[in-house]
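*Asks:* Okay, handing you the structure first.
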Amino acid sequence: MPKKILLVDDDPGAHMVIVPILSKSGYLTVSAKHGEQAIFLALNERPALIILDVIMPGIKGRELCKKIKAYDVLKDTPVIFLTAKNSEDDVKAELEAGAVAHLTKPVNPDELIKTIDGIIGK
961 MPKKILLVDD DPGAHMVIVP ILSKSGYLTV SAKHGEQAIF LALNERPALI ILDVIMPGIK
1021 GRELCKKIKA YDVLKDTPVI FLTAKNSEDD VKAELEAGAV AHLTKPVNPD ELIKTIDGII
1081 GK
């Protein structure tokens, strides 16, 4: 059974690019466009990994990461930030929020899959 990844990004273009990359690599993708939807899907779908954008309407990515990690059933779910924000301060804030990795948009497909495989395995 393929491992499930929750992709959270308000940009439909990001979903159009990332979902096929994940599918081609054997992952099943569940998509959310905002934080409230992401929490609902994370609790109900129990993904093996969550990919978050930082800048989104409503709950921002870092705050969303903290909210997700506050649930006992989700606290060990790895989170990767995939965002255009890439300063040292941004990466530090993402890791402090509970992320295990940071990737910068536009993402290199090989780097994305290598990072995911390294975190949750094939």
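Per this note's numbering, residue 961 is the first one in the sequence shown, and the count goes up by one each step. Don't be surprised by glycine CBs; every beta carbon is placed ideally from N, CA and C.
#1: So what does DSSP say about Leu1003, is it helix, strand or coil?
#2: I need the straight-line Cα distance from Ala1057 to Met1016, nearest angstrom please.
#3: Count the CB pairs spanning the stretch 965–974 and the stretch 1004–1019 that are closer than 8 Å, and state whether there are at least three.
#4: Just grab the DSSP bridge partners of Ser991 for me.
#5: State the CB to CB distance for the pair Leu988 and Pro962, rounded to an integer number of angstroms; the pair is presumed to be in contact (CB under 8 Å).
*Replies:* Put simply:
#1: In the structure shown, Leu1003 adopts helical secondary structure according to DSSP, grouped into three states.
#2: Cα-Cα distance, rounded: 16 Å.
#3: Result yes; three or more Cβ-Cβ pairs closer than 8 Å.
#4: Answer by DSSP bridge pairing, in chain order: Leu967.
#5: Contact check for Leu988 and Pro962: beta-carbon distance about 4 Å, within the 8 Å limit, so the pair qualifies.
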